[in-house]
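Heads up, the thing below is written out as structure tokens.
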Amino acid sequence: MSKPNVNVKSDSKITSTYCCSWRAPSNIALIKYWGKWGRQLPMNPSLSFSLKHSCIEFDTCIETPADFTTTNPKLKSLLVDGKEIAKFSARIEKFLASTGDLLPELAGKEISIISRASFPHSTGIASSAASMAALALSLCSFQRTEDDLEFFRRASLIARLASGSACRSVYGGAVLWGRCEDDACIDEESSDEYAIPLSSEKYLAPLFRNMKDAILIVDSTPKKVSSSAGHQMMIDHPYREARVVLAHENLHKILLALKSGDAKVVAEIVEMEALGLHGLMMSSMPSYLLVRPNTIHIIERVRELRERESLPIFFTLDAGPNVHLLYPQELTSKIKAFVAEELLRFCEGGEWIDDEVGSGPLRL
Ligand code: DP6
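Taking my numbering, the leading residue of the sequence shown gets 3, the next gets one more, and so forth.
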């Protein structure tokens, strides 16, 4: 990890500038985080794979003004793929204003960010997990004093406060967020405050160590109900209690199945979680629907192929209509042919992203 790069700038009102660049990945959850309480704490534990190609890069400069009175850092400028986007700036401003207590070294600092996405914007793929992980890593890099374990743990905690699922994006591979009182499955201390990485060697059978993700873009228009609004609706949801119990049970079963290589159980749980998430949306008050008819067509084709050829493949969904088709790398040519022949007709403009599980963020 490189040393902080501190320059004295000619601007007399700024005494020093620290700059760093990070690339952070999106992640796809197998066990879904849905519902939160307190200061961005999850209602249930969740488990995800971080992706390799769907990433966001942040170039961040942190300036120290000669005199300042505020205790929080503040946003000076934000360019998202060359543009100023008011809603993104507002989100980061709000986050910075609320995290001063956890980032005392940034009191009064002025932060300028240039962000770039590595995937096409037209896809409607949510980038907040990757963006907020890149932001947290950048902020925590200033005056870094901790060892790697502490640094990433702190970055995960800070990322969580910006966007829950972002806390999983500070690691690669399989990542667990949320207290999991399950000694049978997890040796590490898990927490609601931050995510922890699950090593492939220990937690994944060889079949699941090199997973690919075909992201099938069904509809790229911005969704009508945000995830934050969806989490809110879980507060009084009629199935709230049952959801928490089910998430713990599903986590227990999937951890055992990922370890033993039981693809049938993994597929059952992942797909039940995906459809269950959308079931919770449909049974929220007010009820809403994010899947589209083409989402269902793709799901049916994936299930048919799995049954016909007994393949270890399965789908999942984010809080939107697009489908993630997860499969082991050995099946790449077969699945690419399947996507081209049977699924692209259901994708908007024939668009899909050929992604895979990645090794986590990178300081550039
Ligand atoms: C459906 O992390 O986007 O993708 O904490 O309000 O920023 P906020 O929500 P967010 O919720 C993501 C929910 C999900 C499931 C998951 O990623 O676990």
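We put the beta carbon where it would ideally sit given N, CA and C, even for glycine.
To which residues of the same chain is residue i closer than 8 angstroms at the C-beta, ignoring the five residues directly before and after it?
i, result
"Met284", "Tyr290 and Leu291"
"Ala99", "Asn74 and Lys76"
"Tyr205", "Ala176, Leu257, Leu260 and Lys261"
"His326", "Ile30, Asp215, Ala216, Ile217, Leu218, Phe317, Thr318, Leu319 and Asp320"
"Met213", "Phe51, Leu328, Tyr329, Pro330, Gln331, Glu358 and Val359"
"Leu81", "Ile115, Ile116 and Ser117"
Could you have a look at residue i and say whether DSSP puts it in helix, strand or coil?
i, result
"Pro199", "strand"
"Glu270", "helix"
"Lys96", "helix"
"Ile188", "coil"
"His280", "helix"
"Ala176", "strand"
"Pro27", "strand"
"Asp61", "strand"
"Val8", "Caution is warranted here: a pLDDT of 40 is assigned to Val8, below 50, making its placement in the model unreliable, and the coordinate value is therefore given only provisionally. Strand."
"Lys15", "coil"
"His239", "coil"
"Phe316", "strand"
"Glu91", "Note that residue 91 is Ser in the sequence shown here, rather than Glu. Helix."
Can the beta-carbon of residue i be found less than 9 angstroms from the beta-carbon of residue j?
i, j, result
"Val246", "Asn46", "yes"
"Val359", "Leu53", "yes"
"Thr62", "Ser28", "no"
"Leu279", "Tyr241", "no"
"Ile113", "Ser56", "no"
"Met236", "Trp36", "yes"
"Ser120", "Glu59", "yes"
"Ile355", "Leu333", "no"
"Gly110", "Thr147", "no"
"Arg308", "Ala269", "yes"
"Ser143", "Phe90", "no"
"Gly2", "Lys38", "Residue 2 is absent from the model: the chain starts at 3 and stops at 366."
"Glu344", "Arg303", "yes"
"Ile198", "Arg155", "yes"
Note the first and the last residue of the continuous beta strand (DSSP E) segment covering residue i.
i, result
"Lys216", "Reading off the sequence, residue 216 comes out as Ala, not Lys. Its beta strand (DSSP E) spans residues Met213 to Leu218."
"His326", "Val325 to Pro330"
"Val341", "Segment: none, Val341 is in no beta strand (DSSP E) and carries neither H nor E."
"Ala207", "Here Ala207 belongs to no beta strand (DSSP E), and DSSP marks it neither H nor E."
"Ala119", "Glu112 to Ala119"
By Cβ distance, which residues of its chain are closer than 7 angstroms to residue i, with the 5 residues on each side in sequence left out?
i, result
"Gly180", "Pro44, Asn46, Pro47, Ser48, Ser192 and Asp194"
"Gly352", "Leu346"
"Leu141", "Leu105, Leu108 and Ile160"
Only counting the same chain, and skipping five residues up and downstream in sequence, which positions put a Cβ closer than 6 angstroms to that of residue i?
i, result
"Lys11", "With a pLDDT of only 45 at Lys11, under 50, the local geometry of the prediction cannot be trusted, and the value read off the model is given with reservation. Here the set comprises Thr19."
"Val8", "Because Val8 sits at a pLDDT of 40, beneath the cut-off of 50, its placement in the model cannot be relied upon, and the point is left open."
"Ala135", "Ala26, Ala161, Ala168, Ser171 and Val172"
"Leu159", "Glu195 and Tyr196"
"Val293", "His280 and Pro323"
"Leu200", "Ala176 and Leu178"
"Gln145", "Glu107"
"Ser4", "Confidence at Ser4 is low in this model, with a pLDDT of 43, below 50, so the placement of that residue should be treated as unreliable; the coordinate-derived value is given next. Hits under 6 angstroms: none found."
"Ala68", "Lys15 and Thr17"
"Phe348", "Asn296, His299 and Ile300"
Since residue i and residue j should fall inside the 8 angstroms C-beta cutoff, what is the C-beta to C-beta distance between them, to a whole number of angstroms?
i, j, result
"Leu163", "Gln42", "5 angstroms"
"Ile33", "Leu209", "Incorrect: roughly 18 angstroms between the Cβ atoms, too far for contact."
"Ser361", "Gly174", "4 angstroms"
"Val220", "Ile337", "About 17 angstroms separates the two Cβ atoms, so there is no contact after all."
"Ile94", "Leu137", "7 angstroms"
At which residues does the alpha helix (DSSP H) containing residue i begin and terminate?
i, result
"Val246", "Arg242 to Ser262"
"Asp150", "Asp150 to Ala164"
"Leu141", "Ser130 to Ser143"
"Val304", "Pro295 to Glu311"
With a threshold of 8 angstroms, establish whether the CB of residue i neighbours any heavy atom of the ligand ATP.
i, result
"Glu65", "Among the ligands in the structure shown, the ligand ATP does not appear; only the ligand DP6 can be found there."
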